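Q: Mind having a look at this structure? Questions to follow.
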Amino acid sequence: MLIVQKFGGSSLADLDRLRRAAAIALKRQRGGHRVAVVVSAMGDSTDELLARAREILPEPSPRELDMLLNTGEQRSAALFALTLQSLGGAARSYTGWQAGIVTEGPFGDSRIRAVHPEQIERCLADGAIPVVCGFQGSSDGGELTTLGRGGSDTTAVALAAALGAERCEIYTDVRGVYTADPRRIPEARLLGEIDARDMLALARAGAQVLHERSVESALRGRVPLWVLPAFTEGEGTAVRMLAETERPPLAGATAHGGTVTLVGREAAAPMLLRLRLALEKERIPIEAAAVASGAVRVTVPETHESRALQIAHGLIGG
């Protein structure tokens, strides 16, 4: 089996976490799988690079920012490869352009147009683990670009699709996908699986587990996704297309900027009515309401957002 694994910045924030992430990749490979790794910049290094640039020039040029920000992932990739080597594995690091990631669009928010992974395939054929910089690529004109926040998830999915990988594993600092953010809703439940359409609706509504573009790419490329914990044991959450009989009436709730969103198979006009009635019972003013494909949304004053999210979450499974 070919597996693409992605490790975010919090999973690589220090040497101990770097070793733990490298051990996860090496364990997969020694279990008989071929493994490719995509990495984000370590810890808060992207924010630190941005701050340094703005100390020099308050509004730095987008091109030079992309040149600068590319270095964060390059440091991660090289250190990850060295860590794998220190653990007895064979590994090589690659920038986005070396991995064949071709981008289009503006600096700072480009999109992946194509992936030509010949170097990555040769590395895998040699029995080594390729470690690829996420978040970056190069345009047809040879300019280095970045994909915007969360772009490493998109890199991992696009690379998995180009390689024909059987799994794309996204390692995070949470145990998987929950019915709501467990930091805000303590009773939120960890999901063993979630329909990819529901995950996309949650991402579009502001949920932070997966980047919207990565879920869109997974749907287009039919890439099976898993959200897995980087720091604890656990099966995580599978993100895949479910049959309608398997898909729950409601899969999750999220809130951002005063807008509370419920997603799922039954997230339609009758569910919006139930939500409105529940909020009105609590005397929470509703400023706007809407139904979209697989999602219902209400906007409330931000001072009422947390309570409104609790009420919306209470409708899941109710």
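Counting from 61, one number per residue, gives the positions in the sequence shown under the working numbering. Each residue gets a CB set at the ideal place from its N, CA and C atoms; glycine is no exception. In this text, all values refer to a predicted model and were calculated from it rather than measured experimentally.
1) Is DSSP giving Thr292 helix, strand or coil here?
2) Count the other CB atoms, across all protein chains shown, that sit within 10 Å of the CB of Glu229; report buried if there are 16 or more and exposed otherwise.
3) Considering Ser212, what are the terminal residues of the beta strand (DSSP E) in which it resides?
4) Does DSSP put Phe140 in a helix, a strand or coil?
5) Mark Glu306 as exposed unless 16 or more other C-beta atoms lie within 10 angstroms of its C-beta, in which case mark it buried.
6) In this structure, what does DSSP give as the bridge partners for Pro330?
7) Mapping DSSP to helix, strand and coil, what is Gly132?
8) In this structure, how does DSSP classify Asp76 when only helix, strand and coil are distinguished?
9) Along the chain, where does the beta strand (DSSP E) containing Thr314 start, and where does it finish?
10) Name the DSSP beta bridge partners of Lys66, please?
11) Determine the contact status of Ala151 and Pro177, defining contact as a CB-CB distance below 8 angstroms.
12) State whether the segment 61-68 contacts the segment 92-107, with contact taken as three or more CB pairs (one from each stretch) at a distance under 8 angstroms.
13) Taking Gly324 as the reference, give the member of Gly156, Gly103, Asp258 and Glu124 with the closest Cα.
14) If you measure between the beta carbons of Ala311 and Leu335, is that distance less than 8 angstroms?
15) Taking the alpha carbon of Val191 as the reference point, which residue from Gly201, Ser198, Gly202 and Gln179 has its own alpha carbon closest?
16) Could you name the residues that DSSP lists as bridge partners for Ile254?
17) Just the C-alpha distance for Ser70 and Ile84, rounded to the nearest angstrom, thanks.
18) Does the pairing of the segment 216-227 with the segment 271-283 give three or more beta-carbon distances under 8 angstroms?
A: Checking against the coordinates, here is how it stands:
1) Taking the first residue of the sequence shown as 1, we reach residue 292 at position 232. Correct three-state label for Thr292: coil.
2) Translated into the one-based positions of the sequence shown, residue 229 becomes position 169. Buried, because 16 or more other Cβ atoms sit within 10 Å of the Cβ of Glu229.
3) By 1-based counting over the sequence shown, the position of residue 212 is 152. Taken as a continuous stretch (DSSP letters only), Ser212 belongs to no beta strand (DSSP E), being part of the alpha helix (DSSP H) at Gly211 to Leu223.
4) Within the sequence shown, the letter at position 80 stands for residue 140. Helix at Phe140.
5) Within the sequence shown, residue 306 is the residue found at index 246, counting from 1. Exposed, because fewer than 16 other Cβ atoms sit within 10 Å of the Cβ of Glu306.
6) Here residue 330 refers to the residue found at position 270 when the sequence shown is read from its first residue. Its beta-bridge partners do not exist; DSSP assigns none.
7) Taking the sequence shown and counting its residues from 1, the one referred to as residue 132 is at position 72. Helix.
8) Translated into the one-based positions of the sequence shown, residue 76 becomes position 16. Asp76 carries a helical assignment under DSSP once its states are collapsed to helix, strand and coil.
9) The residue given as residue 314 occupies position 254 in the sequence shown. In the DSSP assignment, Thr314 falls within the unbroken beta strand (DSSP E) covering Gly312 to His316.
10) Within the sequence shown, residue 66 is the residue found at index 6, counting from 1. Answer is Val98 and Ile230.
11) Along the sequence shown, one-based indexing puts residue 151 at 91. Along the sequence shown, one-based indexing puts residue 177 at 117. Taking 8 angstroms as the Cβ cut-off, Ala151 and Pro177 do not qualify as a contacting pair.
12) The segment 61-68 makes contact with the segment 92-107; the number of CB pairs closer than 8 angstroms reaches 3 or more.
13) Here residue 324 refers to the residue found at position 264 when the sequence shown is read from its first residue. Nearest of Gly156, Gly103, Asp258 and Glu124 to Gly324, Cα basis: Asp258.
14) Position 251 of the sequence shown, counted from the start, is the residue given in the question as residue 311. Position 275 of the sequence shown, counted from the start, is the residue given in the question as residue 335. Between Ala311 and Leu335, the gap from beta carbon to beta carbon reaches 8 angstroms or more.
15) Mapped onto the sequence shown, residue 191 falls at position 131. For the residues Gly201, Ser198, Gly202 and Gln179, the minimum Cα distance to Val191 belongs to Gln179.
16) As a working note, residue 254 is residue 194 in the sequence shown. Beta-bridge annotation (DSSP): Ile254 is paired with Val299.
17) Taking the first residue of the sequence shown as 1, we reach residue 70 at position 10. Taking the first residue of the sequence shown as 1, we reach residue 84 at position 24. For Ser70 and Ile84, the distance between alpha carbons rounds to 15 angstroms.
18) Contact holds between the segment 216-227 and the segment 271-283, because three or more Cβ pairs, one in each stretch, are under 8 angstroms apart.
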